[in-house]
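Structure record follows, encoded as structure tokens.
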Amino acid sequence: MALTTKLAGLAAGAVMAASAAIAQTYPDRQVTMVVPFAAGGPTDTVGRLIAERMSADLGQQIIVENVGGAGGTLGAGNVATAEADGYTVLLHHIGMATSATLYRNLAYNPLEAFEYVGLVTEVPMTIVTRKDFEPTDFASFITYVKENADTITMANAGIGAASHLCGMLFMQAIKAPIVTVPYKGTGPAMTELLGGQIDIMCDQTTNTAEQIKGGTIKAYAVTTPARLDIFPDLPTVAEGGFPGMEVSVWHGLYAPKGTPAEVIDRLSASLQSALADPEIAAKLAELGTAPSPATDATPAALKAKLEGEIARWKPIIETAGVYAD
Amino acid sequence: MDLLSNLSLGFATAASPENLLFCLIGVILGTLIGVLPGIGATATIAMLLPITFQLEPVSSLIMLAGIYYGAQYGGSTTAILINMPGESSSAVTAIDGYQMARRGKAGTALAVAALGSFFAGTVATLLVALFAPPLTAIALKFGAAEYFSLMLLGLVSAIALAHGSILKALAMVVLGLILGLVGTDIYTGAPRFTFGITEYADGLSFVALAVGIFGIAEILRNLEGDQDRTVLGTSLGGLLPSRADLKRMVAPMLRGTAVGSILGILPGGGAVLAAFASYTIEKRLSDHPEEFGQGAIAGVAGPESANNAGAQTSFIPLLTLGIPANPVMALMVGAMIIQGIVPGPNVASEQPELFWGIIASMWIGNLMLVVLNLPLIGLWVKLLKVPYHVLFPVIMAFCSIGVYSVNSNVFDLYAVAFFGLMGYVLLKLRCEPAPLLLGFVLGPMLEENLRRAMILGRGDPTIFVARPISLTLLLLTLAVLVVMFLPSIRKKREEVFVEAD
């Protein structure tokens, strides 16, 4: 007993000594940022934008590695078991919180397996329809959808996708079930919306902003607490009387559990400096979003966000009774 | 003339020394990665994305586009020489291209592929320039019902892919369908045929399947004895196609281009489907259908034209709607966003230089590719003289790197190994792998769209005949079935009459 305690103490001491050594020289080689989705998608784009700026700040290249599959849980699982030396980090979005409920056999515990670096950005969502959808404003839209709930169809980009989450929220808010049609990703879903094959979708501005501007789809509301600069005429869901429908696709940066605190601090500082770059802000603005303020790009803020969001989505997903495994 | 001024703007942009250079870099890189089996354009473009941050938006997109269609050229090279499709769309080329190579006509096959691709690329680029908006409108008319009917037509026609036993071909199609179902059901989230392996939750990788079942199986077969291999290296003569060869490739090339241009526009289906469709058509129309699978020139010229045409026209949804038709296009979207251009319906009007510059560069790139590839044919063919005990480990190493690089997933490598063994067994059983691949590609789309159409139609199956495009496709399917069975029906009737007499 005494021996094991001693051994454990020795081991802990060794780990601490090693981590102090790591922290002093960190980073002395390239860092891998795992994006658990396909290259070219909205999450990948956010990842690559900040990876480039953080590389400049850290003085070492950050390589984006796309480990797609199973709603982002494969990539997250890889990082959960990666070496906790700060050379592997994970960029994940809201799916980090929802997968805790959507997947009943997750290989890792989202709340236990990671250290938190900070929030990156919160992408607003928009409620959009095919361009010839009849209602003229958000209030009449809600009435119309409720009255015609049995003929209207709603698209999403697959189970667990942001559009699916927003759709669940929408139906529970207006208390009307709508026939939901899943697609393999946003691309095909958006194509069908453009072609008028389907009526409604709720998706990130990353995917919808240009189409709304181009008049190829119609927007009724944004899901953020305040109106967006790019669409000042679009009301918020709260203005329409549905504050519970507020949702954003928030992105966070994580590292495996046990990554030394000094390394986490270094990464956080680097993330904050990247997010403060006006060029990053300008590029995110094109997508209808903004970098998280420095106060949110911190371990504590991300931890609070994740815990809050897991608690928030658990009952919503369980009520809908949809699981991804 | 709007078009002329647009095109001249495009060529002025694309022909600037800088952009020409990046176009050249793109097509050379594309050819190289296409030649390396398994390493696809997707992985390469993903790796090169960070480099493009420093470039002008037009230059970077011209280079990335060059990689994409350069890979289409390069992919056919390995398909023909070593039966290893470097790109998914060149899987069909491997069928007859490799047989031509085994008969000592590797040079001819490569030249036919390059010329066919160039012709198709030129025509398809012109189509993109002339008709991008109206073609987009057609693509948007394709809903779930239309896709289902199209897939059904493709699957029924697939039986023509078989030479030999129809029963075996059917079995292979069904096996392909089942393999295609591996993964998560998108409607319920239920995992199917994954044996609890999360790594297969998104299905089996097409590249892994194609590399295993064509390439690895062929390596295993070659290792049985070295007699077969010597055939490959012997005849270097006749690098360029003869006059008779050229004559035989003209019609398939035209038809392949037409098929490829149309299917390329549809998001999802794209170049792979186009190549299969073209092969089927050529076999149907050929005076010598028995040549197919034994090294028919039409079996190379048609699908190669089709996949290259499809590769060009798959830019249409991206350029006019901002919607990527395939993973490579999704990466192009990513590249544009990083450059501060969010693709959408307004790109053509807001960024005319970018829009027309890319279109013009496609033609320039195709020209570069044919100039680049024709002289290289001699070099590629010489590659076959490398002793096989040196060549095959190299091939397998590159395959593994390539397949792994797509998703950084070790389970894709296990899949290559498994399908390599399976492909070898199928070879021994004389079962054709091509129908299996087609089933694998079409199966999931068929199911997805069938169920989606039924959801949209609230369970009413008349949705398939109520929509004109879907109805037309279903009638075509029926016509194919009738044509296929008519001869045997007539024969039976004759038999009946003979007995009656």
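Residue numbers (this note's numbering), protein chains in the order written: chain A, 0 to 324; chain B, 56 to 556.
Don't be surprised by glycine CBs; every beta carbon is placed ideally from N, CA and C.
- Rounded to whole angstroms, the Cβ separation of Ala-156 (chain A) and Ala-188 (chain A) is 5 Å, and the two are in contact under 8 Å.
- For Thr-215 (chain A), same chain residues with a beta-carbon under 7 Å away, outside a window of 5 residues either side, are Lys-130 and Leu-193 in chain order.
- Among the residues of chain A, those whose CB is under 8 Å from the CB of Pro-398 (chain B) are Glu-209, following chain order.
- Secondary structure of Met-139 (chain B) (DSSP, three-state): coil.
- Judged by DSSP secondary structure, Leu-481 (chain B) falls within the alpha helix (DSSP H) whose first and last residues are 465-483.
- Looking at the DSSP output, Pro-255 (chain A) bridges to A:Phe-113.
- Beyond the five residues adjoining it in sequence on each side, Gly-412 (chain B) comes within less than 6 Å, by CB distance, of Gly-65, Thr-68, Ala-69 and Val-113 in the same chain, given in chain order.
- For Lys-282 (chain A), the enclosing alpha helix (DSSP H) covers residues 277-285.
- Taking 8 Å as the CB threshold, Phe-261 (chain B) stays off the interface with chain A.
- Secondary structure at Cys-201 (chain A): strand, using DSSP grouped into helix, strand and coil.
- Contact holds between the segment 74-93 of chain A and the segment 107-116 of chain A, because three or more Cβ pairs, one in each stretch, are under 8 Å apart.
- Excluding the 5 residues flanking it on each side, Lys-256 (chain A) has same chain C-beta neighbours closer than 8 Å at Ala-79, Ala-83, Glu-111, Ala-112, Phe-113 and Glu-114, in chain order.
- For the pair Leu-278 (chain B) and Ile-271 (chain B), the Cα-to-Cα distance works out to about 11 Å.
- Shown here for Ile-320 (chain B): same chain residues with a beta carbon closer than 6 Å to its own, the five before and five after excluded, namely Leu-190, Ala-194, Thr-368 and Ile-371 in chain order.
- DSSP, reduced to helix, strand and coil, places Pro-181 (chain A) within a strand of the structure shown.
- Three or more beta-carbon pairs separated by less than 8 Å link the segment 268-283 of chain A to the segment 45-65 of chain A, which places the two stretches in contact.
- Taking 8 Å as the cut-off, the beta carbon of Ile-117 (chain B) is found closer than this to the beta carbon of Gly-81 (chain B).
- In the three-state scheme derived from DSSP, where H, G and I count as helix and E and B as strand, Glu-306 (chain A) is classed as helix.
- With respect to chain A, the C-beta atom of Asp-515 (chain B) has no partner C-beta closer than 8 Å.
- The Cβ of Leu-270 (chain A) sits no closer than 8 Å to any Cβ of chain B.
- Going by C-alpha positions, Pro-290 (chain A) is about 16 Å away from Leu-266 (chain A).
- By the Cβ-count criterion, Asp-467 (chain B) is buried, with 16 or more other Cβ atoms from all chains shown falling within 10 Å of its own Cβ.
- With contacts defined as CB atoms closer than 8 Å, Val-127 (chain A) and Ala-175 (chain A) fail to qualify as a contacting pair.
- Taking a Cβ-Cβ cut-off of 8 Å, the neighbours of Arg-47 (chain A) in chain B comprise Leu-104, Pro-105, Gly-389 and Ile-393, given in sequence order.
- In the three-state reduction of the DSSP assignment, Thr-31 (chain A) falls in the strand class.
- Across the set B:Gly-85, B:Phe-108 and B:Ser-204, the C-alpha of B:Ser-204 shows the shortest separation from the C-alpha of Leu-533 (chain B).
- Listed along chain B, the residues sitting closer than 8 Å to Tyr-322 (chain A) by beta-carbon distance are Gly-244.
- For the 8 Å CB-CB criterion, Leu-57 (chain A) and Pro-35 (chain A) do not form a contact.
- For Lys-217 (chain A), the enclosing beta strand (DSSP E) covers residues 216-221.
- Lys-282 (chain A) sits buried, since 16 or more C-beta atoms from the chains shown fall within 10 Å of its C-beta.
- Sequence-distant Cβ neighbours of Ala-415 (chain B) in its own chain, meaning closer than 6 Å and more than five residues away, are Gly-65, Phe-66 and Ala-69.
- Gln-394 (chain B) and Val-355 (chain B) have their C-alpha atoms spaced approximately 39 Å apart.
- For Gly-238 (chain B), the beta-bridge partners assigned by DSSP are B:Arg-247.
- Burial of Glu-337 (chain B) is indicated by the presence of at least 16 other C-beta atoms within 10 angstroms of its C-beta.
- Fully enclosed beta strand (DSSP E) runs of no fewer than 3 residues are not present anywhere in the segment 313-385 of chain B.
- Nearest to Glu-245 (chain A) by C-alpha distance, out of A:Phe-132, A:Gln-203, A:Glu-285 and A:Asp-264, is A:Gln-203.
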